Structures are given as structure tokens and as C-alpha cells.
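Heads up, the thing below is written out as C-alpha cells.
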Amino acid sequence: MKKHFDSYQQATEFLFGQLAVFQRDGGAAYKPGLDTARALDSAFGNPHGSYATIHIAGTNGKGSTAHTLAAILQSAGYRTGLYTSPHLVDFRERMRIDGAMIPESEVVDFVNRYLDMDLPVRPSFFELTMTMAFEFFKRGNVDIAVIETGLGGRLDSTNIISPVVSVITNISYDHTQFLGDTLEAIASEKAGIIKPGVPVVVGEATGGVRGVFEQAAQQAGAPVVFAQDMNEIESVAGDAGGTPHYTTRTFGSFAGQLSGEWQHSNAATVLEAVKMLRSAGFDIPDDAVAKGFAHVCGLTGLAGRWMVVGKNPLTVCDTGHNTGGWQLLAPRLDAIPGIKRMVIGFVNDKDIRGVLRLMKGICDTVFYFAKASVNRALDSQELAGIACSEGIEGLAFPTVESAYRQAAADASPEDTIFIGGSTFIVADFLASLNSSCND
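The sequence shown maps to residues 316 to 754 in the working numbering.
In C-alpha cells form, the structure reads like this:
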């Protein structure tokens, strides 16, 4: 008799326990190539072909961009699927329809049906959960789904889709062991999502990186727009820490919920994608754009992007985890007056020294080094040693929760507590907050 699971906990334990998970295991879980993804998709009836899709790649900003586009489409009345990764607290965050996570019962049902098939392929965690999402969207009768790549683009398992619009946010150094050690090489992998005749928006690209995208688009016969060239956003009002107010050429004026200068670039990219969707026949009125920007977190469940979770002291978490992200985060933190108490940790495959050097430029900092609860997490004592060699002193803690508790105990109401350095540091922090709220 084939194995069956009766509970959501059993089903997710199978997913995390039996399958390689990049979130937990790193490179051991990376399976470049599309053969397994195509075989799985075929076994489940090619569900991705049942609805329109938007495909999003890039080094930074693709999650915010995906969520904002989904929020706009929802606000325009389209039943919208959203597939992103990794999750922060709940596995089901990865797949949503109109902001609602996949029900636990559907996760159990999918895993049991997969086991019944006894397929000859051995999928990774990402390949199987992607197929689960694609089928969930079909069963949920979505009109369109926004699909975020997991890693790279060309060989990412999501690249089996044929989107109506492709989006590439930007390129910086990340996952160089898989994607290449130059920006042009990384761009070439991301450019792999460009499909014949499918229009593509590139958020930011200069020099050789821009040339990579121009050549890939030309070879595919794909119209390409660089959002940075279009000057769609005429002005942005609001202080650095508050809600931005955009004045645009095409969509009027509206407020954005996501703050930070890096979100202005994401906003420009989103607006160019909306123009392309309109050209493709989607009815997206200006008021839907405004609603999507103003309420993206509530509409889609987006979390962890300059997420304010407390005041007096100001307490913020952010999932920025590479040098590209910290080139934007560091100046923002530096501009905040008072002491910044930094609860920081990393996974072991990042440019840790590069990020630490950017953090070193933030004035009035106290560091609390923590280890996230994933196999890839860098030991906090080892991190403290690396930081010391870069001229940064700090205390090491075995968990994110213990580091945060010490930072909170040390802080005065005028201080700022920042939690980040890794998606998984933020995930552990939010999980501990949820746990304390439920106690």
C-alpha cells in the first residue's frame, strides 16, 4: 500500500524531509535544468498552460515587484495567482490566489496524489512545490499568475512557462557559484527567461549587462523596454522613512506602501509592465494601479521589506541579503539618528565581507550576531570573527530570538533595532514574534 498522509504537518514534513531544499541545504538542492520540471508538469496535465502568466527574475526586488503586480491585477478584478520563494514563516506563503494562501488540505491532497503516481523522476523541493502551485492556480481558476523565479532564469524550473510579459528587475552579485562570477554572466542566466516575441521589461541595467539583455531580446525577437529610460515617474515626494507619493506620466498620482529609494526603481519597473499588460489586452484602470501600490501588503501578504514591527524603539526587519541590497539599506540606516542595534546573520554562501564593509559605514551601530535555524546558516561565533577582521565588534548569540531579546533589553526608546542580513534571520524573528503573540 502506498504511503498517504492524513495531516498538513505530515505532508510538509515529507516535503522538507525527503526532498532537497535550497532554503535549508543550499547548493546540494540546486538542480539546474528543465527536464524534471517538464515531466512533473506533464504528469499533472500541464496546468501552467491554463492561464496567462508573468515571469519575474532579477537579483533584488523581484519579490516586491511580483507582489505589487499581483496586487494591481487583483485590484483590476482579475483572479490572480502569485508564486514566490522562499517563505518566511509558513510554507503556504509561496502560493496564493488573490492573497489567500493555499489551504492546508490542498497541500495534503497534492502530496498524496504525487505519491500515488510513483513517477520515475526525483524532483527537488522547489520543482515539486512549483508544480503544486501551478496546479493550485488551475484548480482555482485564476485568470493570470505572477511567477517569480527561484534562482537564475535560464535553467530555473519556472522557465517552462510561456508568459505574456517577462520582467527582469536588476543584476548584482549573488549565487555566483551557480550563475557566474561576473555581472554579465549573471545577466546571461537571468536573460534566459526572455521568450520569442514576448515583451520584456528590464528595470535597471548599464554597460555590458545592458548589452546582454539587448542581444538576448534581439535574438528572441522580443520587444524590450528599460524602465530607467522611460521616466514614467516624474517625481517622488515623502521623506526617506515614510510613504512615498508618486507622480507619473501615465497613471496620475498615488501613494506607495513600500518605502525606501530602492522601491522607486521597482515601482518604475512595475509601471512599465502594466503598460505592456494593457497592450496585451488586460483592462487595468489607473485606480487599480493606485490601490495595488497603496495596499500591496494587505492584498498579497508581502512581508519583510523594511517592515516596521515596533516603535519606541523603532524596530525594523528587512530581507536584503547581498551587496546590491545593502548598497541601498546601509545609507537608509545611516540616515536614521541615534544608535542602531543591528541583529545580523548570514547564510554561508553569500559575500559576507562585502556586506559587512557596507554595514561598517553605518554610524552609531551596535552589533548582535545571530545564527538562523537553517543548515546553511553561518555560525554566529564564526561571523563575529569575520566581522572583527573587518573592524566590526559585536556579541554572538546562538539564535535570532536571543540576539533580539538582548538588543531590545539594551535599547532606549530613541534607538533603532534592525533585524536582517538574511531572509532566514527575518524568518526566525517573525516566527518568534508570532510565537510570543500566541503564548
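For each residue, glycine too, the CB sits at the ideal point set by N, CA and C. Predicted, not measured: the structure shown is a model, and the values here were computed from it.
Per-residue burial, residue 370 [other beta carbons within 10 Å of its own, 16 or more giving buried]: Looking up residue 370 in the sequence shown gives position 55. When all chains shown are included, residue 370 counts as buried.
Between which two residues does the alpha helix (DSSP H) harbouring residue 398 extend? Residue mapping note: residue 398 aligns to position 83 of the sequence shown, counting from 1. Not the alpha helix (DSSP H): residue 398 falls in the beta strand (DSSP E), residues 395-398.
Proximity below 7 Å, CB of residue 739 to CB of residue 687: Reading the sequence shown from its first residue, position 424 is the one you call residue 739. Reading the sequence shown from its first residue, position 372 is the one you call residue 687. Taking 7 Å as the Cβ cut-off, residue 739 and residue 687 qualify as a contacting pair.
So, at 7 Å on beta carbons, what are the nonlocal neighbours of residue 668 in its own chain, with the 5 sequence-adjacent residues on each side left out? Locating residue 668 in the sequence shown gives position 353, counting from the first residue. Excluding the 5 residues flanking it on each side, residue 668 has same chain C-beta neighbours closer than 7 Å at 701 and 705, in chain order.
If we define contact as Cβ-Cβ less than 7 Å, is residue 701 a contact residue for chain D? Among the chains of the structure shown, chain D does not appear; only one protein chain is present.
Can you tell me where the beta strand (DSSP E) holding residue 656 begins and where it ends? As a first step, residue 656 must be located in the sequence shown, where it is residue number 341. It spans 655-659 - the beta strand (DSSP E) in which residue 656 sits, taken as one unbroken run.
With distances taken from CA atoms, which of 432, 589, 485 and 538 is nearest residue 580? Locating residue 580 in the sequence shown gives position 265, counting from the first residue. Closest in alpha carbon position to residue 580, among 432, 589, 485 and 538, is 485.
Please work out which residues of its chain come closer than 7 Å, Cβ to Cβ, to residue 413, disregarding the five sequence neighbours upstream and downstream, and give them in chain order. Translated into positions along the sequence shown, residue 413 becomes position 98. The answer, listed in chain order, is 389, 394 and 395.
Taking only three categories from DSSP, how would you classify residue 589? On the sequence shown, position 274 is the one that residue 589 refers to. Three-state result, residue 589: helix.
Segments assigned beta strand (DSSP E), at least 3 residues, entirely inside the stretch 398-424: As far as the stretch 398-424 is concerned, its whole beta strand (DSSP E) runs of at least 3 residues are 410-412.
Note down, in chain order, each residue of its chain lying with its Cβ closer than 7 Å to the Cβ of residue 642, except the 5 sequence neighbours on either side. Here the question's residue 642 lines up with position 327 in the sequence shown. Excluding residues within five positions, the ones whose Cβ falls inside 7 Å are 673.
Looking at C-beta atoms only, is the number of pairs between the stretch 620-629 and the stretch 719-736 that lie closer than 8 Å three or more? Result yes; three or more Cβ-Cβ pairs closer than 8 Å.
Cβ neighbour criterion (16 or more within 10 Å) applied to residue 348: For this step, residue 348 is matched to residue 33 along the sequence shown. The residue is exposed, with fewer than 16 neighbouring Cβ atoms inside 10 Å.
Could you name the residues of the same chain whose beta carbon sits closer than 6 Å to that of residue 553, not counting the 5 residues immediately before and after it, in chain order? Along the sequence shown, read from residue 1 onward, the residue named residue 553 stands at position 238. Closer than 6 Å at the Cβ level, and outside the excluded window around residue 553, lie 559 and 560.
Are the stretch 432-452 and the stretch 318-325 touching by the rule of at least three beta carbon pairs closer than 8 Å? Touching, no.
Judging by CA-CA distance, which residue of 661, 663, 680 and 616 is the nearest neighbour of residue 646? Within the sequence shown, the letter at position 331 stands for residue 646. Of the residues 661, 663, 680 and 616, the one whose Cα lies closest to the Cα of residue 646 is 680.
Three-pair Cβ contact test at 8 Å for the stretch 580-591 versus the stretch 531-550: With the rule of 3 Cβ pairs closer than 8 Å, the stretch 580-591 counts as touching the stretch 531-550.
Can you give the Cα-Cα distance for residue 615 and residue 598, rounded to whole angstroms? Taking the sequence shown and counting its residues from 1, one reaches residue 615 at position 300. Taking the sequence shown and counting its residues from 1, one reaches residue 598 at position 283. In a straight line, the C-alpha of residue 615 is about 20 Å away from that of residue 598.
Please report the straight-line C-alpha distance between residue 692 and residue 737, rounded to a whole angstrom. Taking the first residue of the sequence shown as position 1, residue 692 is located at position 377. Taking the first residue of the sequence shown as position 1, residue 737 is located at position 422. So the alpha carbons of these two residues sit roughly 9 Å apart.
Which ranges does the beta strand (DSSP E) cover as unbroken runs of at least 3 residues, wholly within the stretch 564-627, from first to last along the chain? Counting only runs of 3 or more, we get 568-570 and 622-625.
Please confirm whether residue 510 and residue 362 have their CB atoms less than 7 Å apart. Against the sequence shown, residue 510 aligns to sequence position 195. Against the sequence shown, residue 362 aligns to sequence position 47. In this structure, residue 362 does not lie closer than 7 Å to residue 510 by Cβ.
Residue 549 by DSSP, collapsed to three states: which one? Start at 1 with the first residue of the sequence shown, and residue 549 comes out as number 234. In the structure shown, residue 549 sits in a strand (DSSP, three-state: E or B).
Assuming residue 403 contacts residue 619 (C-beta within less than 8 Å), just tell me the rounded distance between them. Position 88 of the sequence shown, counted from the first residue, corresponds to residue 403. Position 304 of the sequence shown, counted from the first residue, corresponds to residue 619. Rounded, the Cβ-Cβ distance is 6 Å, consistent with contact.
Residues bridged to residue 710 (per DSSP): Position 395 of the sequence shown, counted from the first residue, corresponds to residue 710. According to DSSP, which records beta bridges pairwise, residue 710 is partnered with 683.
To the nearest angstrom, report how far apart residue 747 and residue 654 are at their CA atoms. Counted from its first residue, the sequence shown places residue 747 at position 432. Counted from its first residue, the sequence shown places residue 654 at position 339. Those two C-alpha atoms are separated by around 24 Å.
Using the three-state DSSP reduction, which class does residue 519 fall into: helix, strand or coil? Taking the sequence shown and counting its residues from 1, the one referred to as residue 519 is at position 204. In this structure, residue 519 counts as coil in the three-state DSSP scheme.
Per DSSP, the bridge partner or partners of residue 298: With the chain covering 316 to 754 only, the question about residue 298 has no answer from this structure.
Inspect the CB distances between the stretch 565-572 and the stretch 454-462 and report whether three or more fall short of 8 Å. Flag = no, the stretch 565-572 and the stretch 454-462 do not touch.
Please look up how many angstroms separate the CB atoms of residue 528 and residue 506, rounded, as I've assumed it's under 8 Å. To locate residue 528, count along the sequence shown from 1; it is residue 213. To locate residue 506, count along the sequence shown from 1; it is residue 191. 6 Å between Cβ atoms; contact.
Can you tell me the Cα-Cα spacing of residue 498 and residue 523, whole angstroms? In the sequence shown, counting from the first residue as 1, residue 498 sits at position 183. In the sequence shown, counting from the first residue as 1, residue 523 sits at position 208. When rounded, the separation of the alpha-carbon atoms in residue 498 and residue 523 is 8 Å.
Residues in the same chain with beta-carbon distance under 6 Å from residue 410, minus the five sequence neighbours each way, listed in chain order, please. Within the sequence shown, residue 410 is the residue found at index 95, counting from 1. If the five residues before and after residue 410 are omitted, its C-beta is found closer than 6 Å to the C-beta atoms of 398, 417, 448 and 451, all from its own chain and listed in chain order.
Alpha carbon to alpha carbon, how far is residue 426 from residue 666? As a working note, residue 426 is residue 111 in the sequence shown. As a working note, residue 666 is residue 351 in the sequence shown. Taking the straight line from one Cα to the other gives about 36 Å.
Return helix, strand or coil for residue 319, following the three-state DSSP convention. As a first step, residue 319 is located in the sequence shown; it is residue number 4 there, counting from the start. Residue 319: coil per DSSP, three-state reduction.
Can you round the beta-carbon distance between residue 685 and residue 712 to whole angstroms, since I take them to be within the 8 Å contact cut? Here residue 685 refers to the residue found at position 370 when the sequence shown is read from its first residue. Here residue 712 refers to the residue found at position 397 when the sequence shown is read from its first residue. The pair is a contact, with the Cβ atoms about 5 Å apart (cut-off 8 Å).
Residue 386, DSSP secondary structure in three states: As a first step, residue 386 must be located in the sequence shown, where it is residue number 71. Residue 386 sits in a helix when the DSSP states are folded into three classes.
Per-residue burial, residue 408 [other beta carbons within 10 Å of its own, 16 or more giving buried]: As a first step, residue 408 must be located in the sequence shown, where it is residue number 93. Under this definition residue 408 is a buried residue.
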